[in-house]
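**Student:** Before anything else, here's the structure in question.
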Amino acid sequence: MITSFAESALPENVIPGAVFKKLTTHVDGRGFFREIIRSTDDFFAEGFGQWSHSVMQQNTVKAWHYHHLQIDWWYAAAGVIHTVLYDNREESPSFGRKIEFLLGEQNDENPQVLCAAIKIPPGVLHGCKVITQTAHLFYITSRTYDPADEGRFAFDSGKVQHDWGNKDELIVSANDRRDFLPHAQRVRSA
Numbered sequence: 007m008i009t010s011f012a013e014s015a016l017p018e019n020v021i022p023g024a025v026f027k028k029l030t031t032h033v034d035g036r037g038f039f040r041e042i043i044r045s046t047d048d049f050f051a052e053g054f055g056q057w058s059h060s061v062m063q064q065n066t067v068k069a070w071h072y073h074h075l076q077i078d079w080w081y082a083a084a085g086v087i088h089t090v091l092y093d094n095r096e097e098s099p100s101f102g103r104k105i106e107f108l109l110g111e112q113n114d115e116n117p118q119v120l121c122a123a124i125k126i127p128p129g130v131l132h133g134c135k136v137i138t139q140t141a142h143l144f145y146i147t148s149r150t151y152d153p154a155d156e157g158r159f160a161f162d163s164g165k166v167q168h169d170w171g172n173k174d175e176l177i178v179s180a181n182d183r184r185d186f187l188p189h190a191q192r193v194r195s196a
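Set out below in C-alpha cells:
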C-alpha cells in the first residue's frame with residue numbers, strides 16, 4: 007500500500023502514465039481552499055471531455071473499469087476510498103503491476119491518506135472501495151462518455167488478485183459483477 011508521495015515514486019509503485027499530483031491546501035478560519043487541476047498542468051495536457059461526481063456509501067466497490075481511449079483524473083473530495091490500479095497493458099514495462107493507496111481527506115487520524123489527484127491512463131484497470139461512511143469522488147475524463155470505450159472485469163475477477171473484503175458486506179452494482187470489452191480500438195502506450 008502506498009502511504010506517501012515518496013513511496014509513489016519508488017520503481018515498484020510506478021505504472022507508466024499513472025501520475026499522482028500532490029495537492030496543496032490553504033486553511034484559515036473560514037475553511038480551506040484547494041486547487042485540483044489547471045488546464046496548463048502537464049498532468050492535464052490531454053484536455054477536458056467531461057466532469058462527473060459520484061457519491062458512494064461505505065463498502066461500495068466499483069471495479070474493474072478501464073478504457074481504450076479515455077484518460078481519467080480522480081479526486082476524492084470527501085471521505086476516503088481504497089484505490090487500486092492494475093496495469094493491463096501488455097506492452098507496458100509495468101504490465102501486471104498492482105498499486106494500492108488511500109485517496110481522500112488526509113488528517114491527523116489518517117496521515118496515510120493521499121490528498122491528491124490521480125491520472126489513470128487508458129488500459130489501466132481501476133477500482134475503489136469506500137472505507138468511510140460516504141465518499142465523494144469527482145472525476146474528469148478526457149472524452150465524453152462513450153459506451154464503446156467502456157470495459158470491465160467483474161470486481162471479484164481472477165484477472166486482478168485483490169480481495170475487497172467480506173462479499174456479504176459489499177455494495178456492488180450489476181455492471182461491476184460482469185465482464186465486458188470495449189468496442190473502441192485500443193490505444194497502445196509508448
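Residue 40 in my numbering sits at position 34 of the sequence shown; the count goes up by one each step and never skips.
A virtual CB, placed ideally from N, CA and C, is assigned to each residue, including glycine.
Can you find the residues in the same chain that come closer than 8 Å, C-beta to C-beta, to SER163, ignoring five residues on each side of it along the sequence?
**Tutor:** If we look at SER163 and ignore the five residues flanking it on each side, its Cβ neighbours are TRP70 and ASP185.
**Student:** Which residues in the same chain as THR31 place their Cβ atom closer than 7 Å to its Cβ, once the five residues preceding and following it in sequence are excluded?
**Tutor:** Here the set comprises PHE38, ARG40 and CYS121.
**Student:** Using the Cα positions of GLU18 and GLN167, report the straight-line distance between them to the nearest angstrom.
**Tutor:** Distance between the alpha carbons of GLU18 and GLN167: 17 Å.
**Student:** The beta strand (DSSP E) with PHE11 in it runs from where to where?
**Tutor:** Premise fails: PHE11 lies in the alpha helix (DSSP H), 11-14, not in any beta strand (DSSP E).
**Student:** Just the C-alpha distance for VAL193 and ASP34, rounded to the nearest angstrom, thanks.
**Tutor:** C-alpha separation (whole angstroms): 45 Å.
**Student:** Short of 6 Å in beta carbon distance, which residues of its chain neighbour THR138, apart from the five on each side in sequence? Order them along the chain.
**Tutor:** Closer than 6 Å at Cβ, skipping near neighbours: GLY85 and VAL86.
**Student:** Kindly provide the ranges of any alpha helix (DSSP H) runs that are 4 or more residues long and lie completely inside the stretch 35-92, ordered along the chain.
**Tutor:** Runs of the alpha helix (DSSP H) inside the stretch 35-92: none found.
**Student:** For ARG158, does the three-state DSSP call read helix, strand or coil?
**Tutor:** Residue state, collapsed to three classes: strand.
**Student:** Specify, as a first and last residue, the run of the beta strand (DSSP E) that THR147 falls within.
**Tutor:** It spans 140-147 - the beta strand (DSSP E) in which THR147 sits, taken as one unbroken run.
**Student:** Indicate the three-state DSSP secondary structure (helix, strand or coil) for LYS104 in the structure shown.
**Tutor:** Note: LYS104 maps to strand in three-state DSSP.
**Student:** Give me the Cβ distance between LEU108 and VAL90, rounded to the nearest whole Å; I'm assuming they're in contact under 8 Å.
**Tutor:** That belief does not hold up - the Cβ atoms of LEU108 and VAL90 are roughly 11 Å apart, past 8 Å.
**Student:** Starting from ALA122, trace the beta strand (DSSP E) in both directions and tell me its first and last residue.
**Tutor:** Residues 122-126.
**Student:** Output needed for THR9: all residues of its chain with C-beta closer than 6 Å, excluding positions within five of it in sequence on either side, in chain order.
**Tutor:** Closer than 6 Å at the Cβ level, and outside the excluded window around THR9, lie GLN118.
**Student:** Which term fits SER179, buried or exposed, when burial requires 16 or more other beta carbons within 10 angstroms of its beta carbon?
**Tutor:** Classification for SER179: exposed.
**Student:** Spatial neighbours of ARG183 within its chain, please: CB distance less than 6 Å, with the 5 preceding and 5 following residues excluded, ordered by chain position.
**Tutor:** Hits under 6 Å: ALA160.
**Student:** Is ILE177 closer than 8 Å to THR46 when the C-beta atoms are compared?
**Tutor:** No; because the gap between Cβ atoms is not below 8 Å, this pair is not in contact.
**Student:** Can you give me the C-alpha to C-alpha distance between ILE105 and MET7, rounded to a whole angstrom?
**Tutor:** So the two alpha carbons sit approximately 7 Å from each other.
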